[in-house]
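To start, the structure itself, in structure tokens.
There are 2 protein chains.
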Amino acid sequence: MTDKKPLILVCNDDGITAPGVRNLIRVMNEIGEVVVVAPDGPQSGTGHAITINGILRCDPITIEEGPQKEYSCSGTPVDCVKLAVNVVLDRKPDIVVSGINHGSNSSINVIYSGTMSAAVEGSLEGIPSIGFSLCDFSWSADFKPALKYIKEITLRVLEKGLPYGICLNVNIPKYNGSDYKGIRICRQAKANWEEEMDSRKDPRERSYYWLTGRFVNYDEGEDTDEWALSNYYISVVPVNSDITAHHWVREMNSWDL
Amino acid sequence: MTDKKPLILVCNDDGITAPGVRNLIRVMNEIGEVVVVAPDGPQSGTGHAITINGILRCDPITIEEGPQKEYSCSGTPVDCVKLAVNVVLDRKPDIVVSGINHGSNSSINVIYSGTMSAAVEGSLEGIPSIGFSLCDFSWSADFKPALKYIKEITLRVLEKGLPYGICLNVNIPKYNGSDYKGIRICRQAKANWEEEMDSRKDPRERSYYWLTGRFVNYDEGEDTDEWALSNYYISVVPVNSDITAHHWVREMNSWDL
């Protein structure tokens, strides 16, 4: 880092008006020059989706007074990062921060998460990138106790950098009234959703479904994000955009295909 | 495998009427009992998106005569797999096959791909899963020379199985008139899209954008999917749903956060 203020790109998946991103913007204003390029509405669960069969809008907007510049986009979180880098910004940002998500993106949730996909996309643009999530779905969640940790992690990444294609998945336990215990570097726990499809009939007697489910952790390891979160630590998982199962390449070579 | 015919779930992201999935259904009918649960329209580039803020439809349909059962769904490819497992099928399928995608899902394309996300989702349900893609965007692409390889790979996976959370990303070069050279087990090449946003004005003089770009391979390794494809081999990359950058966990522990 030079003495020049870092350029910080802020994104999220809950939409540009969500309390989570408003809190993130406030912290980032203390660190650098902030440009927000975020979806115009909820984009939770959009994963790494991009808009290829339709058009994108990206227009300046003022949601709150402040030094930040803000742009509201019609697309997914990944679209937002692509629009920011290719249309909005005149230089490459020093960091991409995404969130603060309303709800956990720990464990397998990372692959469904629009918030994390914005961070992954940032890492593919060669920009150090972090996704932040608070394990509290409430719109009135208390983000404040998390902010000093978010600031610390962001400053450390600005100082140290991250390798191409690797970003950070930071999850923060729901605040219980006492100080967080600290930060743990973790691996993604082996866990999954046991889905149920809530089956209903519409007024014309046609079937439709709502996706619901129950999160199940199969992993008892103390080096996982789930362990850290359930023990009131903030979890940090480095995430790789190379998703090759390298050990299985060797195994499959013995299949003689 | 027992003598019982395997139950095969077929999905894709180009929509249930696409020539790619129709070809895949024909091959799978030679192997087992086929149930198709696929999107009612194009879902390319939807990545691992799921539908959580809206309803899902999933209705029986007959696109072509044949022994297969078919269901057309309103959601993403991942929604299709969840609907198949939780609503449509009365037992767990023996394999999920997704595709044949119109266009490459090699290298970094894997994370944007709805076709591959259906396979990843299958692997998270504990089902051996494969995504197939032909590197030819044309609707009239020649799928036929690829079919014997698709059959071979599918039979081998039915025989050998795959570990929980690992699926296969199979890409097939565009047919050039001569026999494919064979199959290579590969890693995902380090490559990315250099995007350009095509900026336009609508009839009301408001700006809008189309996402376009150029694929750039930075990786000269001969063990990559890009190398295999450009040398007229079919590439098979095992893909991991655990996307932790494990080597970076160790590195970050020295950051003393």
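Chains as they are written, first to last, in my numbering: chain Y, 38 to 294; chain L, 38 to 294. Just so it is clear, CB atoms sit at the ideal spot from N, CA and C, and this is done for glycine as well.
**Whole-angstrom distance between residue 225 of chain L and residue 128 of chain Y, CA atom to CA atom** = Cα to Cα, residue 128 of chain Y sits roughly 29 angstroms from residue 225 of chain L.
**Prompt:** Any C-beta of chain L sitting closer than 9 angstroms to the C-beta of residue 225 of chain Y?
**Reply:** Judged by the 9 angstroms Cβ criterion, residue 225 of chain Y is in contact with chain L.
**Message:** To be precise: take each residue of the segment 175–191 of chain Y, compare its Cβ to all Cβ atoms of chain L, and keep it if any distance is under 8 angstroms. Which residues remain?
**Reply:** Result list: 189, 190.
**Request:** Find the residues of chain L that neighbour residue 130 of chain Y, judging by a C-beta separation of less than 9 angstroms, and give them in chain order.
**Result:** Those do not exist, as residue 130 of chain Y stays about 15 angstroms from chain L at its closest Cβ, beyond 9 angstroms.
**Message:** Beta-carbon within less than 6 angstroms of residue 169 of chain Y's beta-carbon, same chain only, minus the 5 sequence neighbours each way: which residues are those?
**Reply:** Listed in chain order, the non-local C-beta contacts of residue 169 of chain Y below 6 angstroms within the same chain comprise 136, 137, 187, 207, local neighbours out to five positions each way being set aside.
**Message:** I'd like to know if the segment 190–208 of chain L and the segment 229–238 of chain L are in contact, where contact means that at least 3 CB-CB pairs between them fall below 8 angstroms.
**Reply:** With fewer than three CB-CB distances shorter than 8 angstroms, the segment 190–208 of chain L does not count as touching the segment 229–238 of chain L.
**Item:** Contiguous beta strand (DSSP E) assignments of at least 3 residues, all confined to the segment 254–287 of chain L
**Value:** You should have 271–277.
**Message:** Quick check on residue 119 of chain Y - is its C-beta less than 9 angstroms from some C-beta in chain L?
**Reply:** Answer yes: the Cβ-Cβ gap between residue 119 of chain Y and chain L drops below 9 angstroms somewhere.
**Asked** What's the C-alpha gap between residue 145 of chain L and residue 283 of chain L?
**Response** Answer to the nearest angstrom: the Cα atoms are 19 angstroms apart.
**Message:** Using CA atoms only, rank isn't needed, just tell me which of L/72, L/257, L/244, L/154 is closest to residue 268 of chain L.
**Reply:** Nearest neighbour of residue 268 of chain L by Cα position, chosen from L/72, L/257, L/244, L/154, turns out to be L/257.
**Request:** Have a look at residue 85 of chain Y and residue 56 of chain L and give me their C-alpha separation to the nearest angstrom.
**Result:** If you take the alpha carbons of residue 85 of chain Y and residue 56 of chain L, they lie about 25 angstroms apart.
**Assigned exposure category for residue 88 of chain Y - 16 Cβ within 10 Å defines buried** = Result: buried.
**Message:** Assuming residue 242 of chain L is part of the beta strand (DSSP E), what are its boundary residues?
**Reply:** Counting along the chain, no beta strand (DSSP E) covers residue 242 of chain L, and no H or E run does either.
**Prompt:** When DSSP labels each residue in this structure, what does residue 199 of chain L get in the three-state scheme?
**Reply:** Three-state DSSP puts residue 199 of chain L in coil, outside helix and strand.
**Message:** Check for me: the alpha helix (DSSP H) holding residue 70 of chain Y runs from which residue to which?
**Reply:** For residue 70 of chain Y, there is no enclosing alpha helix (DSSP H); the residue is found in the beta strand (DSSP E) stretching over 70–76.
**Start-end ranges of the alpha helix (DSSP H) lying completely within the segment 137–175 of chain Y, minimum 4 residues** = Unbroken alpha helix (DSSP H) runs of no fewer than 4 residues, entirely contained in the segment 137–175 of chain Y, are found at 151–161, following chain order.
**Request:** Indicate whether residue 160 of chain Y and residue 204 of chain Y have their beta-carbon atoms separated by less than 9 angstroms.
**Result:** Yes, Cβ-Cβ distance for residue 160 of chain Y and residue 204 of chain Y is below 9 angstroms.
**Message:** At the level of alpha carbons, what is the spacing between residue 271 of chain L and residue 222 of chain Y?
**Reply:** When only Cα atoms are considered, residue 271 of chain L and residue 222 of chain Y end up about 38 angstroms apart.
**Prompt:** Taking 8 angstroms as the cut-off, does the CB of residue 97 of chain L come closer than this to any heavy atom belonging to the ligand SAH?
**Reply:** For the ligand SAH, the structure offers nothing, since it holds no ligand at all.
**Request:** Kindly say whether residue 296 of chain Y, judged by its beta-carbon, lies nearer than 9 angstroms to any beta-carbon of chain L.
**Result:** As shown, chain Y starts at 38 and ends at 294. That puts residue 296 of chain Y outside it, with no answer to give.
**Message:** DSSP three-state label for residue 189 of chain Y, please.
**Reply:** Assigned with DSSP and collapsed to three states, residue 189 of chain Y falls in helix.
**Message:** So if DSSP puts residue 208 of chain Y in a beta bridge, which residue, or which two residues, is it bridged to?
**Reply:** Partner(s): Y/170, Y/272.
**Prompt:** Do the segment 66–84 of chain Y and the segment 73–80 of chain L touch if we need at least three Cβ pairs shorter than 8 angstroms?
**Reply:** Here the segment 66–84 of chain Y does not lie against the segment 73–80 of chain L, with fewer than 3 beta-carbon pairs under 8 angstroms apart.
**Proximal residues of chain L, C-beta to C-beta of residue 276 of chain Y below 8 angstroms** = Ordered by position in chain L, the residues that pass the 8 angstroms Cβ test against residue 276 of chain Y are 280, 281, 282.
**Asked** Per DSSP, residue 223 of chain Y forms a beta bridge with which residues?
**Response** None, per the DSSP bridge assignment.
**Asked** Near residue 121 of chain L, what residues of its chain come up, given a Cβ to Cβ distance below 6 angstroms and the 5 sequence neighbours on each side ignored?
**Response** Only residues of its own chain outside the window of five on either side were considered, and among them 46, 74 have a CB closer than 6 angstroms to the CB of residue 121 of chain L, listed in chain order.
**Request:** Return the first residue and the last residue of the beta strand (DSSP E) that residue 61 of chain Y is part of.
**Result:** For residue 61 of chain Y, there is no enclosing beta strand (DSSP E); the residue is part of the alpha helix (DSSP H) that begins and ends at 56–66.
**Asked** For the segment 99–134 of chain L, which segments carrying the alpha helix (DSSP H) assignment without a break, of at least 4 residues, lie completely within its bounds, in sequence order?
**Response** Those alpha helix (DSSP H) runs which fall completely within the segment 99–134 of chain L and span 4+ residues are 114–120.
**Item:** Exposed unless 16 or more other CB atoms sit within 10 angstroms - verdict on residue 158 of chain Y
**Value:** Residue environment for residue 158 of chain Y: buried (at least 16 other C-beta atoms within 10 angstroms of its C-beta).
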